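One line per chain: the protein sequences are A and B, in this order.
Positions in the first sequence are counted from 1; adding 856 to them yields the working numbering.
Positions in the second sequence are counted from 1; adding 856 to them yields the working numbering.
Glycine is no exception: its CB is placed at the ideal position from the N, C-alpha and C atoms.
Just so you know, these numbers come straight off a predicted model, no measurement behind them.
Step one of this worksheet: look at the structure below.
Protein chains: 2
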Amino acid sequence: MGVSGSGKTTVGKLLSEQTGIPFFDADDFHSTANIEKMKAGIPLTDEDRVAWLQSLNQLAKENETRGAVIACSALKETYRQQLADGLHHIQWVYLKGSYQLIHERMLQRPHHYFSAAMLQSQFDILEEPSNAWVFDVQEEPNRITESILKYLIMLSDFGIIGLGVMGKSLALNIAGKGVRLSLYNRYVKGQEEKVAEQFITHNPILKETKAFEDLPAFVQSLAMPRKILLMVNAGAAVDAVIEELKPLLSKNDIIIDGGNSFYKDTERRIQELNQYDIHFIGAGISGGEEGALKGPSIMPGGDAISYEQVQFILESIAAKDKNGKPCCGYISNGSSGHFVKMVHNAIEYAEMQLLSEVYDVMRNELQMSTDAIATVFKQWNQTELNSYLLEITIDILQTKENNESLLDKILDVGSSKGTGSWSVAAAAELGVPAGMMTSALYARYLSAQKQTRVKAAAVLGTSQSSVSISTEQLQQAYALARIINHAQGFELIKTAALTYQWSINYSELARIWTNGCIIRSTLMEQMAAIVAADELLLHPLIITSIQQQLDSLTQTVTASLQSGIAVPALYEALNYIHAMSTEQSAMNLIQAQRDYFGAHTYQRIDDASGKAYHTKWKKAP
Amino acid sequence: MGVSGSGKTTVGKLLSEQTGIPFFDADDFHSTANIEKMKAGIPLTDEDRVAWLQSLNQLAKENETRGAVIACSALKETYRQQLADGLHHIQWVYLKGSYQLIHERMLQRPHHYFSAAMLQSQFDILEEPSNAWVFDVQEEPNRITESILKYLIMLSDFGIIGLGVMGKSLALNIAGKGVRLSLYNRYVKGQEEKVAEQFITHNPILKETKAFEDLPAFVQSLAMPRKILLMVNAGAAVDAVIEELKPLLSKNDIIIDGGNSFYKDTERRIQELNQYDIHFIGAGISGGEEGALKGPSIMPGGDAISYEQVQFILESIAAKDKNGKPCCGYISNGSSGHFVKMVHNAIEYAEMQLLSEVYDVMRNELQMSTDAIATVFKQWNQTELNSYLLEITIDILQTKENNESLLDKILDVGSSKGTGSWSVAAAAELGVPAGMMTSALYARYLSAQKQTRVKAAAVLGTSQSSVSISTEQLQQAYALARIINHAQGFELIKTAALTYQWSINYSELARIWTNGCIIRSTLMEQMAAIVAADELLLHPLIITSIQQQLDSLTQTVTASLQSGIAVPALYEALNYIHAMSTEQSAMNLIQAQRDYFGAHTYQRIDDASGKAYHTKWKKAP
């Protein structure tokens, strides 16, 4: 870009010759009317330029894959916006010179239809770009071309900060799609040294990838608008990196936080970066190390326009669903991406808890061996109960160490990170009775008190069960509890969407979760249909499941309680069904109590107006 | 106070004559050595003054109840701090005059042992007070005395902002203890007009109380350091009032927030006001309208020194325990007061839920009438199950409307405010498996979905129970569940204290809860002994209770599950006992799953070092 006579065509053609990328001169795309006007020395109006800019934008889009060199004056920011509209990669090169200098050059080009007299009008409207490479028109065109080539070769399309397990796997995945990458890992003497460099050395697929330990150099290595994926620990580390990045970034650059960040932090970061016109996408990424490498499930939320800029890369690395569609899709504005990822993990907590309960019942109540349990789980996995978590559980049950079950050697103290706890706090705050994920979280907390457990077991002994159950009943109980778990998870997301004004396509979200992520399963395929319903519990598929499997669930829970086996997640499924199908609950007593001691008032069943009643309950002594 | 010759003794004696409050001249408390020094014209050093100031402070303390007028030069701020140390009420009066004027007056007092030559040394060290009433020494002593009297009569000892139900009841309670009160309620045209004024008019006990709608005037009406109790809605309203108060207050003034504020907000407010040397006490107050009026349970947390300044008033209005001790006591620093009040409410949630479940089982499973249930509850209330909540439940069950049970007319949709939800979020954040309070909160949330419940009930119908239980079993189940509920509540407080570095006396906290508050009960008297234990569950009283009552609890829960009656809080008690007495839980499977998909590592039962192990679980395909 630049005014007429700045040398755009010369430099553009040289660039094309040396790269093999086709060259286009924007002047060739003017209408006859525009050309006549210019020949007559009449300056073009913005209106004259609309169709012209559109055709150039179309040209760029058509050539986006192989690339194109386009010489165009592009004098105003609005023209440049129209030219760049919808493009994923664009680099502006601005050839800059004074009026006097260009005017002299123009006088030496008599055959050009542009009248030198119009030059002043060009300088009048010229708005210099803030995001271009700038060259002095007095430099030799060959030297300018050489510099551009050097810059171009150096620039990466995408940057990743943080090379932990997930960061590394995603880097390999992205590089495998032909994306030019820059990788940055901080330098911590003696602990983290040359992490990016060594990672690249050990992975031939990364031979085009650049390694950095210096953040400004990393940022400068990225094409604008820059796209930077953060894969650092959620919490203070994310804020610290953002603070370091802020002075280095330009308007319209995009930061994607791919970690399990707390959604309220994401909301705050979006607001804060918005002041600098830097876009922030909170993207949940699920699939663990293997998923990140081979195709994760990705849940990006934030500014929809910015998402379009990274959509291509994110979708190309995501897992594919059964129809070949990527398991990645824009969730909604704000922190919606991180919120749904948090709930994904909470559903995962309860799915894992259910499996551990079923395993516990088989092991302790049915006295089954680890191998026998694996055999039953394999049968289940052939049915609609198929899931990734069931698959890996079978692998685990079959893993031996010196011919003994490795599982039996593992300490029964559960760990947890942020997402489970945050989900429960969100459920409490938003008014959602998410009993199953809560019971799964609390089960981990209870397990942590191992010493007290051992002492209490010694004092209290073990109960003896008089009731028994079959593996078929257990299978039905498990199937029903899983459906309730998924319903509760989606209820939490639906309530959050209402509260925070997100517009989420729930069926699409379920589809995104059908592959790549930890909770992928045959049930999730079915959920895509169910979750669109207003009242999930009343969906025919759920009602049928309850009608067919409730007795087995009841039997499983009561038998376990009588045997002293804690099955809190199975119980919570049962309690949810009971509570949600009780027409007249005992909450009238609690409302009366609240009115008694706190004058909180109550409503009456015989007054549908919602009027608040208060009673002086206390009898005179 | 003031330099020699300012007229302290004259004004002090006049004040004493007119009020009947004894007068003391500080000069009379000097040691012989000091007097000799002064006669010799040698200025006293700070060291000379230490014993003297101590004896004056002692004098003031001894006379605090009836009051004392003390004339003392008190020239430096440090002297005044020593004089005021540990006093609850003090008012400085500063008689101010120029060196020239005082010097002239000194020359007219030949018999005074003070040499006029020393006057300059006094002016040299004089630091004028910022918190005194100031009078010009040129005014007539009689006029000065008159003004002081007028000021004294006008000043209140204690201020209350916000005259809702709780604010009004506390005002009546405090005024009844002879405390001079100022009351402020905001002016909202057409909604809140002359609230304080009308309240005082209608309550003769408040005839000495002052009413305000103007905040600066309210603040000026209070003796310093000012003590202001906020009784406004938790949340933004508290922040708004603090913002308005900040410019009006002086160093060392004390704000007490008596509402149910979120503890993290209290922590923030303490930090913020600390910058202005304004002290903030977060005080939980429980007892509802009646408790506030007749004696609530009060849980103040914050700066211990500031608490001493309001201790007298708070303890005088609190309920008394069985030994006559006030149910009010300093909890610990920071937001500890509001935290324990939050947990108090969460225990209350679960206590209410338990009663509603027992009522539900009697009503639906045992087909008992409201009157029959009341009769059983009255029997229970004669036993160790006695509690305030059980008492009011009996009143509620007996309340009739046109000879029909009023309870049956109440809509079964439970409401909730902040504390229940915050407690669950805190439990999730702090790693405490507080299942019972959580189930109580979720039961209210579940009840809110009345429409879905009615529809689901119509589709799914009602289960028929084949098992039945006796009211004696129910009584045992209820008793055991209550103990577990209290244990869980105290566990949450203990974990918070560890996390936030609070030093809380748990037995004292239980004692504070034995009267005045909503969860007062015979069990709470017993808890005072139990909660001191490190592992609550292993306390002999709890172990015995489990051994004797676990079968009844199991029977109650399983029978209810088979009848389709939701008894989530009873269940959570049972689950807690099961989980906490399971030596080998199924958490080993979850640890294996986490290691499988996320490389989160696990520990082994045969390696006590806590070493982290990782396994490549996946079999080659």
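- Answer yes or no: does any C-beta atom of chain A fall closer than 8 Å to that of HIS1434 (chain B)? Yes - at least one Cβ of chain A is within 8 Å of the one on HIS1434 (chain B).
- Query: Does DSSP put ILE1111 (chain A) in a helix, in a strand, or in coil?
  - Reply: It is a strand residue.
- Answer with buried or exposed for HIS1135 (chain B), where buried requires no fewer than 16 other C-beta atoms within 10 angstroms of its C-beta. Buried, because 16 or more other Cβ atoms sit within 10 Å of the Cβ of HIS1135 (chain B).
- Message: Here's the rule: buried if 16 or more other CB atoms are within 10 angstroms of the residue's CB, otherwise exposed. What is ILE1148 (chain A)?
- Response: Strictly speaking, residue 1148 (chain A) in this sequence is Ala, with Ile absent from that position. Buried: at least 16 other Cβ atoms inside 10 Å.
- Query: In terms of residue numbering, what span does the alpha helix (DSSP H) encompassing HIS1135 (chain B) cover?
  - Reply: Note, HIS1135 (chain B): premise wrong, no alpha helix (DSSP H); beta strand (DSSP E) at 1135 to 1142.
- Task: Given a cut-off of 8 Å, decide if ASP1109 (chain B) and ILE1421 (chain B) are closer than it, judged by their beta-carbon atoms.
- Result: Cβ atoms of ILE1421 (chain B) and ASP1109 (chain B): not closer than 8 Å.
- Task: Please state whether DSSP places SER1377 (chain B) in a helix, a strand or coil.
- Result: Correct three-state label for SER1377 (chain B): strand.
- Item | Residues bridged to GLY1015 (chain B) [DSSP beta-bridge criterion] | B:SER1038 and B:ILE1084.
- Query: Is the shortest distance between the beta-carbon of TRP1369 (chain B) and the beta-carbons of chain A less than 8 Å?
  - Reply: Not closer than 8 Å to any Cβ of chain A, the Cβ of TRP1369 (chain B) fails to qualify, so no.
- Please specify which runs of the alpha helix (DSSP H), each continuous and at least 4 residues long, are wholly inside the stretch 1059 to 1083 of chain A, giving them in chain order. List check, alpha helix (DSSP H) in window: 1071 to 1076.
- Message: Residues in the same chain with beta-carbon distance under 6 Å from ALA1337 (chain B), minus the five sequence neighbours each way, listed in chain order, please.
- Response: Annotation for ALA1337 (chain B): LEU1210, LEU1426 and ALA1429 place their beta carbon closer than 6 Å to its own, counting only its chain and skipping 5 residues before and after.
- Whole beta strand (DSSP E) runs in the stretch 1412 to 1445 of chain B with 3 or more residues, listed along the chain? If we require 3 residues or more, the stretch 1412 to 1445 of chain B turns out to have no beta strand (DSSP E) run fully inside it.
- Task: Ignore the nearest five residues each way along the sequence and tell me which others in GLY923 (chain B)'s own chain have a CB closer than 6 Å to its CB.
- Result: Excluding sequence neighbours, GLY923 (chain B) sits near ILE877.
- Opposing strand residues paired with MET1155 (chain B) [DSSP bridges]: MET1155 (chain B) has B:GLY1140 as its beta-bridge partners, per DSSP.
- Message: Can you tell me whether HIS1058 (chain B) is buried or exposed? The criterion is at least 16 other CB atoms within 10 Å of its CB, across all chains shown.
- Response: Label assigned to HIS1058 (chain B): exposed.
- Limits of the unbroken beta strand (DSSP E) element including PHE1118 (chain B): Following the DSSP letters along the chain, one finds PHE1118 (chain B) in no beta strand (DSSP E), marked with neither H nor E.
- Using the beta-carbon count (16 or more within 10 Å), is GLU1260 (chain B) buried or exposed? Residue environment analysis places GLU1260 (chain B) among the exposed positions, since fewer than 16 neighbouring C-beta atoms fall within 10 angstroms of its C-beta.
- Message: If the cut-off is 8 Å on Cβ atoms, which residues from the stretch 1203 to 1224 of chain B count as contacting chain A, listed in chain order?
- Response: Within the stretch 1203 to 1224 of chain B, the residues whose Cβ lies closer than 8 Å to some Cβ of chain A are MET1208, GLN1209, LEU1211, SER1212, GLU1213, TYR1215, ASP1216 and ARG1219, listed in chain order.
- For PRO997 (chain B), the three-state DSSP class (helix, strand or coil): Reduced to three states, the DSSP call for PRO997 (chain B) is helix.
- Can you give the Cα-Cα distance for SER1153 (chain B) and SER1192 (chain B), rounded to whole angstroms? Straight-line Cα distance between these residues: approximately 15 Å.
- Query: According to the neighbour-count rule (16 or more other Cβ atoms, all chains shown, within 10 Å of its Cβ), is MET887 (chain A) buried or exposed?
  - Reply: The identity of residue 887 (chain A) in the sequence shown is Ser, whereas the question assumes Met. Under a 10 Å Cβ-count criterion, SER887 (chain A) is classified as exposed, with fewer than 16 other Cβ atoms of the shown protein chains found around its own Cβ.
- Query: Quick one, which of A:LYS869, A:ALA1092, A:GLU933 and A:LEU1286 has its alpha-carbon nearest GLU1002 (chain A)'s?
  - Reply: When C-alpha distances from GLU1002 (chain A) are compared across A:LYS869, A:ALA1092, A:GLU933 and A:LEU1286, the shortest belongs to A:LYS869.
- Does the Cβ of ILE1061 (chain B) have 16 or more other Cβ atoms within 10 Å, making it buried, or fewer, making it exposed? Exposed, since its Cβ has fewer than 16 Cβ neighbours within 10 Å.
- Item | Neighbouring residues, chain B, relative to LYS1467 (chain A) (Cβ below 8 Å) | Ordered by position in chain B, no residue passes the 8 Å Cβ test against LYS1467 (chain A), which lies about 10 Å from the chain.
- Query: Does the stretch 1370 to 1377 of chain A come within contact of the stretch 1235 to 1246 of chain A, defined as at least 3 CB pairs closer than 8 Å?
  - Reply: These segments touch.
- Can the beta-carbon of TYR1205 (chain A) be found closer than 8 Å to that of LEU1302 (chain A)? If you check the CB distance, TYR1205 (chain A) and LEU1302 (chain A) do not come in under 8 Å.
- When we look at the beta-carbon of ASN1179 (chain A) and count the other beta-carbons within 10 Å, is it buried (16 or more) or exposed? So ASN1179 (chain A) counts as exposed.
- Below 8 Å, can you find three or more Cβ-Cβ pairs linking the stretch 1337 to 1355 of chain A to the stretch 1216 to 1235 of chain A? Contact between the stretch 1337 to 1355 of chain A and the stretch 1216 to 1235 of chain A is absent, because fewer than three Cβ pairs lie under 8 Å.
- Opposing strand residues paired with TRP1460 (chain B) [DSSP bridges]: One detail in the question is off: residue 1460 (chain B) reads as Arg in this sequence, not Trp. For ARG1460 (chain B), DSSP records a beta bridge to A:ILE1266.
- Query: For the stretch 1441 to 1460 of chain B, which residues have a beta carbon sitting closer than 8 Å to at least one beta carbon of chain A?
  - Reply: Answer set for the stretch 1441 to 1460 of chain B: SER1441, ALA1442, MET1443, ASN1444, LEU1445, ILE1446, GLN1447, ALA1448, GLN1449, ARG1450, TYR1452, PHE1453, GLY1454, ALA1455, HIS1456, TYR1458, GLN1459 and ARG1460.
- Message: Alpha carbons only, please: which of A:GLU1171, A:LEU1019, A:GLN1131 and A:ILE1266 is nearest the one belonging to GLU1048 (chain A)?
- Response: Comparing Cα positions, the closest option is A:LEU1019.
- Query: Which word fits ASN1029 (chain B), buried or exposed, when buried means at least 16 other C-beta atoms lie within 10 angstroms of its C-beta?
  - Reply: Buried.
- Message: Tell me the residue span of the beta strand (DSSP E) that contains LYS952 (chain A).
- Response: DSSP places LYS952 (chain A) inside the beta strand (DSSP E), whose first and last residues are 948 to 952.
- Query: Of the choices B:GLN1418, B:GLN1307, B:PRO1182 and B:MET1292, whose alpha-carbon is the least far from that of TRP1369 (chain B)?
  - Reply: When each option's Cα is compared against that of TRP1369 (chain B), the closest is B:PRO1182.
- Message: Residues of chain B with CB closer than 9 Å to the CB of ILE1399 (chain A), please, in chain order.
- Response: Here the neighbours are ALA1312, VAL1315 and LEU1316.
- Taking only beta-carbon positions, decide if ARG1300 (chain A) is within less than 8 Å of chain B. At least one chain B Cβ lies under 8 Å of ARG1300 (chain A).
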